[in-house]
Amino acid sequence: MKVLYFAWLRQQVGVAEEALALPANVETVGGMLEWLRGRSERHNKALQDLSVVRVAVNQEYARVDDPVSDDDEVALFPPVTGG
Amino acid sequence: MKVLYFAWLRQQVGVAEEALALPANVETVGGMLEWLRGRSERHNKALQDLSVVRVAVNQEYARVDDPVSDDDEVALFPPVTGG
Amino acid sequence: MIRVQREDFDVGLELDSLARDNHVIGGIASFIGTVRDIAGDRSVSAMTLEHYPGMTEKQLAKVEAEARARWPLEASLIIHRYGRLEPGDRIVLVAAASAHRQAALEACAFLIDWLKTKAPFWKLEEGDTGGTWVEARAEDDAAAARWSSDAATQE
Amino acid sequence: MIRVQREDFDVGLELDSLARDNHVIGGIASFIGTVRDIAGDRSVSAMTLEHYPGMTEKQLAKVEAEARARWPLEASLIIHRYGRLEPGDRIVLVAAASAHRQAALEACAFLIDWLKTKAPFWKLEEGDTGGTWVEARAEDDAAAARWSSDAATQE
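Here it is in structure tokens:
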């Protein structure tokens, strides 16, 4: 699985992108976020308030119940501020 | 009094502008319209349906009850269609 | 700013001038009206815009002043042409610039809606069936009416 | 049409291209977003717009398609810049052209409102107090929300 981070999430996690192997028992966006939190102190801190974290799976917005698999491109970022 | 006509009112009356002496007993826009109707058959026909005639006195929109005097610039025209 | 003129205008230049050197501005909303080649089911080959010089400028200035009283605008613009125009030609440009996007968007819509029912212009269309004076549309009155009274407090 | 680019754009040229040779068009509404030199009470000397290449284009295309499904548009345009920008610089241009004025005005407002809450861009402001990531505003969510469900039938 490819995981991308943007804006302050990128700064807090410390990388823009990482290639990870998603455990077989993690099947939803919510489960993936839990699992990512456990990867490091930086991940945990960056993802501590999920109300300010948006998730895209294969470049489409996703919710915590949506499915996710090891083939997906996942992105985590704050609420958008373009325009 | 200067009276200006625009668009199809100008075509129907047959002149773009006329200088008229307003009778002393005509004091409102409504009275003036009645008086203008009596000036000629063309005036009468052009002003027969007042629902499609707008009046400006000194370049401001006016209603039938508004005062009018011989010093005024009066304009008669159809509902506007700019923009 | 108000301009009533026979000649065309340069939209890019006008919008640039509106905002130049004012860095409080966050958004510029504009509307360009153009001549269509059909009106209802008639084909239109050209139109002539007649207006009432003097009253036109006065009424456009009132429309602009009303917009500036209702919304916090940094700049505003109305340019309206008169004379003979062909399909595709620009007729009018209105623009509103503000620190705030919604103010600019609403003021722009207000400018064109009010102008349509207040500024003394009349369109004579030339087409297959000769010259036809365009009739005022009930939708335009309705569009203008939605800005009356309480609309000012929606912001 | 969608464009995501680092370089500036020419507003006059873009709006001309949008309407050229289509004489069904009666109105072109547009909105230009620009960089302000203040944000809240902080002074801003520059900002950097980060985005998510690929997803940005995909989301902007969806916003445009939604506008075209809701209103009878003849043409539409979204250009959004990324990279470092200074106060007064243009960030975004949206435009909608239609036979009908209200359709163009509403679609234009919709494009910018939806873009603001859907397109993956993030602003990092540089100012007196260092770099600050701009926070999403509740007003922007509210502005986007007014277009949901029933708004499509207001036309």
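Chains as they are written, first to last, in the working numbering: chain X, 1 to 83; chain H, 1001 to 1083; chain A, 2001 to 2155; chain P, 3001 to 3155.
C-beta: ideal position from N, C-alpha, C; glycine also.
Just so it is clear, the structure is predicted and the values come from calculations on it, not from any experiment.
What Arg-2036(A) touches in chain P, judged by beta-carbon distance under 8 Å, is His-3023, Val-3024, Ile-3025, Gly-3026, Ala-3099, going in chain order. Neighbours of Val-2063(A) in chain H, taken as residues whose beta carbon is under 9 Å from its own, are absent, since the nearest beta carbon is some 10 Å off.
Looking at the DSSP output, Met-2047(A) bridges to Leu-2085(A), Glu-2125(A).
Look at Thr-2056(A) here: in three-state DSSP terms it is helix.
Sixteen is the threshold: since fewer than 16 other Cβ atoms of the shown chains lie within 10 Å of the Cβ of Lys-1045(H), the residue is exposed. In this chain, Thr-2117(A) is not harboured by any beta strand (DSSP E); it is covered by the alpha helix (DSSP H) spanning 2101 to 2118. When secondary structure is reduced to three states using DSSP, Trp-35(X) falls in the helix class. When CB distances to chain X are screened at a threshold of 8 Å, the residues of the segment 3103 to 3119 of chain P falling below it are Ile-3112, Leu-3115, Lys-3116, Thr-3117, Lys-3118, Ala-3119, in chain order.
Out of Leu-2124(A), Leu-2085(A), Arg-2146(A), the CA that lies nearest to the CA of Glu-2007(A) is found in Leu-2085(A).
In summary, Ser-3045(P) is exposed, with fewer than 16 beta-carbon neighbours lying within 10 Å of its beta-carbon over all protein chains present.
Per the coordinates, the alpha-carbon of Arg-10(X) lies some 14 Å from the alpha-carbon of Arg-37(X).
Between Trp-35(X) and Asp-71(X), the alpha-carbon positions lie close to 16 Å from each other.
Residue pairing by DSSP puts Glu-73(X) in a beta bridge opposite Lys-2(X). Contact between Arg-54(X) and Pro-78(X) holds: their C-beta atoms lie close to 7 Å from each other, under 8 Å.
Per DSSP, Gln-1048(H) is not a residue of any beta strand (DSSP E), being assigned neither H nor E. Contact annotation, Pro-3120(P) with His-3051(P): C-beta distance approximately 6 Å; criterion of less than 8 Å satisfied. His-2080(A) sits in a strand when the DSSP states are folded into three classes. In this chain, the alpha helix (DSSP H) harbouring Glu-2139(A) covers 2138 to 2145. With a cut-off of 8 Å on Cβ pairs, the segment 3094 to 3114 of chain P is in contact with the segment 3022 to 3038 of chain P, counting three or more such pairs. In this structure, the alpha-carbon of Glu-3057(P) lies about 10 Å from that of Ile-3078(P).
Assignment of Val-1029(H) by DSSP, reduced to helix, strand and coil, places it in the helix class. Interface annotation for the segment 3071 to 3094 of chain P against chain A: Pro-3087, Gly-3088, criterion Cβ-Cβ distance under 7 Å. For the pair Leu-2073(A) and Pro-3053(P), the Cα-to-Cα distance works out to about 34 Å. Using a Cβ-Cβ cut-off of 8 Å, Gly-3012(P) is close to Asp-2010, Val-2011, Gly-2012, Leu-2013, Leu-2015 of chain A, given in chain order. In the structure shown, the three-state DSSP call for Trp-8(X) is helix. Contact between Ala-3099(P) and Ile-3038(P) does not hold, since the beta-carbon distance rounds to 40 Å and is not under 8 Å. A distance of 8 Å or more separates the beta carbons of Val-2134(A) and His-2080(A). Among the CB atoms of chain P, one or more fall inside 8 Å of the CB of Ser-2030(A). Nearest CB-CB separation between Gln-59(X) and chain P: below the 8 Å threshold. Distance from the CA atom of Thr-3132(P) to the CA atom of Ala-19(X), rounded to whole angstroms, is 28 Å. For Ala-2069(A), there are no C-beta contacts with chain P under 8 Å, since the nearest C-beta of that chain is about 21 Å from it. A straight line joining the alpha-carbon of Trp-3071(P) with that of Trp-2147(A) spans about 22 Å.
Sixteen is the threshold: when 16 or more other Cβ atoms of the shown chains lie within 10 Å of the Cβ of Ala-2019(A), as they do, the residue is buried. A distance below 8 Å separates the beta carbons of Leu-3013(P) and Gly-2012(A). For Trp-1035(H), no Cβ of chain A is located within less than 8 Å of the residue's own Cβ.
Interface residue (Cβ-Cβ distance to chain X less than 8 Å): Ala-3136(P) is classified as such.
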